[in-house]
Amino acid sequence: MGGQMELESVPGVGAKTAAALRELDDPEAALRDGDVASLARAPGISEGRAARIARGAIRAEHDDPGGFTATKRAREIHEDALALLTERTVTDYAAKRLETIYPSGVRSRIEEVRSFAESAMTREPDPAVLDALSAVEPLAEPGDVRVRDRCLATRDAERYADAQAAIPEVSVEVVDDARQLAELARSYSTVVALDEAFAGVDIEGDVRVEPNALEEPESVVPERVLTFFARNRDRIRAAAEVHGVADLDAPCDLETLLTALAQLDEDGSVSGDAELDRLTTAVDDLDAAVSTAESVANDHLREAIEEQDVTIEGTDLLSLVERGAGVDSLLQRELADEYAAAVGKARDHLVDALALRDMEATARRAFPDEPAYPVEHSEDVVARLREELTAARDQRATRRKRELADDLAEMRDDAAALVDAALELDVELAIARFADDFDCTMPALTESEGVAIEGGRSPLLDVPFEAVEPVDYAVEGVTVLSGVNSGGKTSTLDLVALVTTLAHMGLPVPAESARVGRVSELHYHAKTQGTLDAGAFEATLREFGDLVADVDYRSGPAGAETDGDSGVTSDDPAAGTDDRPVMVLVDELESITEPGASAKIMAGILEALGERQATAIFVSHLARDIRAAAETDISIDGIEAKGLEDGELRVERSPVKGKLARSTPELIVEKLADDGADDADGFYSDLLGKFE
Numbered sequence: 001m002g003g004q005m006e007l008e009s010v011p012g013v014g015a016k017t018a019a020a021l022r023e024l025d026d027p028e029a030a031l032r033d034g035d036v037a038s039l040a041r042a043p044g045i046s047e048g049r050a051a052r053i054a055r056g057a058i059r060a061e062h063d064d065p066g067g068f069t070a071t072k073r074a075r076e077i078h079e080d081a082l083a084l085l086t087e088r089t090v091t092d093y094a095a096k097r098l099e100t101i102y103p104s105g106v107r108s109r110i111e112e113v114r115s116f117a118e119s120a121m122t123r124e125p126d127p128a129v130l131d132a133l134s135a136v137e138p139l140a141e142p143g144d145v146r147v148r149d150r151c152l153a154t155r156d157a158e159r160y161a162d163a164q165a166a167i168p169e170v171s172v173e174v175v176d177d178a179r180q181l182a183e184l185a186r187s188y189s190t191v192v193a194l195d196e197a198f199a200g201v202d203i204e205g206d207v208r209v210e211p212n213a214l215e216e217p218e219s220v221v222p223e224r225v226l227t228f229f230a231r232n233r234d235r236i237r238a239a240a241e242v243h244g245v246a247d248l249d250a251p252c253d254l255e256t257l258l259t260a261l262a263q264l265d266e267d268g269s270v271s272g273d274a275e276l277d278r279l280t281t282a283v284d285d286l287d288a289a290v291s292t293a294e295s296v297a298n299d300h301l302r303e304a305i306e307e308q309d310v311t312i313e314g315t316d317l318l319s320l321v322e323r324g325a326g327v328d329s330l331l332q333r334e335l336a337d338e339y340a341a342a343v344g345k346a347r348d349h350l351v352d353a354l355a356l357r358d359m360e361a362t363a364r365r366a367f368p369d370e371p372a373y374p375v376e377h378s379e380d381v382v383a384r385l386r387e388e389l390t391a392a393r394d395q396r397a398t399r400r401k402r403e404l405a406d407d408l409a410e411m412r413d414d415a416a417a418l419v420d421a422a423l424e425l426d427v428e429l430a431i432a433r434f435a436d437d438f439d440c441t442m443p444a445l446t447e448s449e450g451v452a453i454e455g456g457r458s459p460l461l462d463v464p465f466e467a468v469e470p471v472d473y474a475v476e477g478v479t480v481l482s483g484v485n486s487g488g489k490t491s492t493l494d495l496v497a498l499v500t501t502l503a504h505m506g507l508p509v510p511a512e513s514a515r516v517g518r519v520s521e522l523h524y525h526a527k528t529q530g531t532l533d534a535g536a537f538e539a540t541l542r543e544f545g546d547l548v549a550d551v552d553y554r555s556g557p558a559g560a561e562t563d564g565d566s567g568v569t570s571d572d573p574a575a576g577t578d579d580r581p582v583m584v585l586v587d588e589l590e591s592i593t594e595p596g597a598s599a600k601i602m603a604g605i606l607e608a609l610g611e612r613q614a615t616a617i618f619v620s621h622l623a624r625d626i627r628a629a630a631e632t633d634i635s636i637d638g639i640e641a642k643g644l645e646d647g648e649l650r651v652e653r654s655p656v657k658g659k660l661a662r663s664t665p666e667l668i669v670e671k672l673a674d675d676g677a678d679d680a681d682g683f684y685s686d687l688l689g690k691f692e
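Just so you know, we're using the UniProt record's numbering here: the sequence shown kicks off at 1 and counts up by one.
In structure tokens form, the structure reads like this:
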């Protein structure tokens, strides 16, 4: 795949979706690989939508016409099979990813999934790994990063449009000359000029001339990378933990990645930088520190004045001073040393409280040498100190952001691969858990017709799986399956459908062993509830008429052998493309109309399917009547009841080949006939003879 036409040729991908997919680095690879996580990163594409797009792409890749589940009941079996897998996922992603695995009649697609499933079955579902997976999610693009203290400037209208597209996080301004550039510098902390013509222009403020800025957007907006990693920090850490617990090979050095992540706060700002923390704290605490420094100075002076030994009592002097009577002259004459000491304490407190270094000289000028009471700071000096601290903080933060963004940008692809690998592991573990929970094995998929199951147990029954009795059953061609009520005919049909569906999904099946003939369509007709009216009866007949007419079976090469490693027959150009072999499963079609007519109808359908070499199993209580109505030999298998015990049937669940199973009424009559005391006049024996 590649280019616009190829994207839009994928089923379900129109122009709008194709445009969204082109936002990805390599949409063709994501489609080809069924990579739901990558596809879901495209704007407006949810995981569910990504899974549907991936399925369409997979079908296109394998030239798969689809249509395997040809009836409502066949679709239900597929949904049930899928549910057994998705119930064993930890992440929502894995559940959606499994939806890209569907039953197909195309061998190349089946082999592709088989290879994946066989590898997955070697995984050990460690509880610690499953626990670690619970915090893993696909990486999310922030999409809402906006930086207001910076802008881009250019003289070129075309570059203006390019800049808006390349770096949407900041404003882009058009300027004609250096004067307009200088005006921008007064409004923004940083102005990045994109035109080489501005190089060497002397403008006050942070104006940088970077003609290549659009090629390196992270240098202008390091917040893009930092916000991405901040939003995804927990997901990346969880994926790293999964790799550690599961002993997976990581795409990068995990310690380096985790150390870089530790330097990020949740809001994308840089943490763990002592100098930046010092400057940030100094800006935040400046007003409080100045106020406290004033209090320190005034407390010192208050105590000094109260302790003065002069002609008037110290307390009286204090009263005068507080009224402002000769404060300057009194302080200058009597308390010059104490004032100097008080101011010194204020200055020391301010410097120490804010841990000032380079700006200590400015801070000390905040309290003037001229005596005054109460001691007050110089607002101009404090404002200048605030500007210096803020500028130093912002410069430090910007430098650290760029440094960290540079480091993290190099690890972005590795972080994505790390998370994707953890999510894919969840997909594999779901298959492994499914295989373990239901004692599954990989089936052999052949080009010969029919299905053969040994030790099959259906996980779809409403009983604990360990209580399910194993079933052996093999069918080639068309067969009627007879048996007692509640003997397991429908559950056997479900087992055949489930094994066939899973085999064509490329997945393991719940059996000791299984051989499944490749089919392109599964027609499963569930039991009809009640007799159909004339219109519905006609519609049902038309459905079977269309099915018989459409069956066009072309078998593979004579004597095709199975590949011993994969269980899939060797390649044949015609197989899986030209031929459309079908499997037809029908549960008690006789309920559509009167028994006599039903038997004739089923006999005719079975004869037509047999002539076309389809595989078909019809469950029916009218097996004897169907055989009588058929003009060709119809195979009949039976689920045999061993007898009645305390009013309950004892059944041999595996169908017996070539055996017409006795019905429940026949068993009851037989029981009564065998009891001589109840059949003294031979009434029950005569009734039993009617069944022969």
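Glycine is no exception: its CB is placed at the ideal position from the N, C-alpha and C atoms.
Restricting to Cα atoms, I'd like to know which of Val-375, Gly-344 and Arg-186 is closest to Glu-360.
Ranking Val-375, Gly-344 and Arg-186 by Cα distance to Glu-360 puts Gly-344 first.
Check whether the Cβ atoms of Glu-166 and Asp-195 lie closer than 9 angstroms to each other.
Looking at the sequence provided, one finds Ala at residue 166 rather than Glu. In this structure, Ala-166 sits away from Asp-195, with a CB-CB distance that is not shorter than 9 angstroms.
Which of the three DSSP states, helix, strand or coil, is assigned to Arg-515?
Note: Arg-515 maps to strand in three-state DSSP.
Reference Thr-479; option with closest CA among Ala-199, Asp-206, Arg-52 and Ser-620:
Comparing alpha carbon positions, the residue from Ala-199, Asp-206, Arg-52 and Ser-620 closest to Thr-479 is Ser-620.
So what's Arg-41 in DSSP terms, helix, strand or just coil?
Three-state DSSP puts Arg-41 in coil, outside helix and strand.
On the CB-based measure, 16 or more other CB atoms within 10 Å of its CB, does Asn-232 come out buried or exposed?
It counts as buried.
Here's a check: name, in chain order, each residue in its chain whose Cβ is nearer than 6 angstroms to the Cβ of Arg-208, leaving out the five neighbours to either side.
In the same chain as Arg-208, and ignoring 5 residues on each side of it, the C-beta atoms closer than 6 angstroms to its own belong to Val-192, in chain order.
Residue of Met-505, Glu-447 and Thr-593 minimising C-alpha distance to Ala-539
Ranking the options by Cα distance to Ala-539, first place goes to Thr-593.
Could you tell me how far apart the beta carbons of Val-175 and Leu-184 are, in whole angstroms, since I believe they sit closer than 8 angstroms?
The pair is a contact, with the Cβ atoms about 7 angstroms apart (cut-off 8 angstroms).
Hey, out of Pro-11, Pro-510, Ala-415 and Ala-366, whose CA is closest to Thr-256's CA?
Of the candidates Pro-11, Pro-510, Ala-415 and Ala-366, the one whose C-alpha sits nearest the C-alpha of Thr-256 is Ala-415.
Using 9 angstroms as the threshold, is the C-beta distance between Pro-470 and Val-516 below it?
Their beta carbons are not under 9 angstroms apart, which means Pro-470 does not touch Val-516 by this criterion.
If the criterion is Cβ atoms closer than 9 angstroms, does the pair Val-201 and Arg-150 meet it?
Result no, Cβ atoms of Val-201 and Arg-150 do not sit closer than 9 angstroms.
Just the Cα atoms here: how many angstroms apart are Ala-608 and Val-548?
Rounded to whole angstroms, Ala-608 to Val-548 spans 7 angstroms at the Cα level.
Burial state of Asp-352 (16 or more Cβ within 10 Å):
Classification of Asp-352: exposed, given that the 10 Å Cβ count is below 16.
Beta-carbon proximity check, Gly-604 vs Ala-629, cutoff 9 angstroms:
If you check the CB distance, Gly-604 and Ala-629 come in under 9 angstroms.
Answer yes if the stretch 100-115 comes into contact with the stretch 64-75, meaning at least three C-beta pairs across the two stretches below 8 angstroms, and no otherwise.
Yes, the stretch 64-75 is in contact with the stretch 100-115.
Can you grab the Cα-Cα spacing for the pair Val-509 / Ser-46, in whole Å?
Here the alpha carbons of Ser-46 and Val-509 stand approximately 31 angstroms from one another.
Cβ of Thr-86 within 9 angstroms of Cβ of Ala-74?
Not in contact: Thr-86 and Ala-74 (Cβ atoms no closer than 9 angstroms).
Check this for me: beta carbons of Ala-432 and Met-121, under 9 angstroms apart or not?
Their beta carbons are under 9 angstroms apart, which means Ala-432 touches Met-121 by this criterion.
Who are the near neighbours of Val-290 in its chain, counting only those whose CB is closer than 7 angstroms to its CB and skipping five residues on each side?
For Val-290, where only same-chain residues beyond five positions count, the Cβ hits under 7 angstroms are Leu-350, Ala-366, His-377 and Val-382.
The stretch 223-231 / the stretch 261-274 touching (three or more Cβ pairs under 8 angstroms):
They touch, by the three-pair rule.
Touch test, the stretch 445-465 against the stretch 473-487, Cβ-Cβ under 8 angstroms, three pairs minimum:
Yes, the stretch 445-465 touches the stretch 473-487.
Would you report the Cα separation of Thr-398 and Val-427, rounded to the nearest angstrom?
If you take the alpha carbons of Thr-398 and Val-427, they lie about 41 angstroms apart.
Would you kindly check if the distance between the Cβ of Pro-464 and the Cβ of Leu-84 is under 9 angstroms?
Going by C-beta atoms, Leu-84 is not nearer than 9 angstroms to Pro-464.
Can you give the Cα-Cα distance for Leu-495 and Glu-266, rounded to whole angstroms?
If you take the alpha carbons of Leu-495 and Glu-266, they lie about 51 angstroms apart.
Can you tell me whether DSSP reads Met-505 as helix, strand or coil?
DSSP places Met-505 in helix when its eight states are reduced to three.
Quick one: is Ser-598 buried, meaning 16 or more other Cβ sit within 10 Å of its Cβ, or exposed?
Under this definition Ser-598 is a buried residue.
Which same chain residues end up closer than 6 angstroms to Leu-354 when comparing Cβ atoms and leaving out the 5 residues on each side of it in sequence?
Excluding positions up to five away in sequence, the list reads Ala-282 and Ala-289.
Report the start-end ranges of each alpha helix (DSSP H) in the stretch 46-115 that is 4 residues or longer and not cut off at the edges.
Runs of the alpha helix (DSSP H) inside the stretch 46-115: 47-61, 72-86 and 92-98.
Could you work out which residue in Glu-306, Ala-503, Asp-35 and Ala-262 is closest to Ala-514 when comparing CA atoms only?
Selected option, being the one with the closest Cα: Ala-503.
Distance CB(Gly-596)-CB(Thr-632) smaller than 9 angstroms:
Going by beta carbons, Gly-596 and Thr-632 fall outside the 9 angstroms limit.
Residue 745 - containing alpha helix (DSSP H), residue span
Because the chain in this structure spans residues 1 to 692, residue 745 falls outside the shown range and cannot be described.
Hey, quick one: how far does the beta strand (DSSP E) through Arg-208 stretch, first residue to last?
Counting along the chain, the beta strand (DSSP E) containing Arg-208 begins and ends at 206-209.
Buried or exposed: Ala-132, going by 16 or more other Cβ atoms within 10 Å of its Cβ?
By the beta-carbon neighbour count (other beta carbons within 10 angstroms, threshold 16), Ala-132 is buried.
Distance CB(Pro-138)-CB(Ala-37) smaller than 9 angstroms
Taking 9 angstroms as the Cβ cut-off, Pro-138 and Ala-37 qualify as a contacting pair.
Please name the residue, chosen from Leu-481, Arg-402 and Arg-55, that lies closest to Gln-263 on a Cα-to-Cα basis.
With distances taken between Cα atoms, Gln-263 lies closest to Arg-402.
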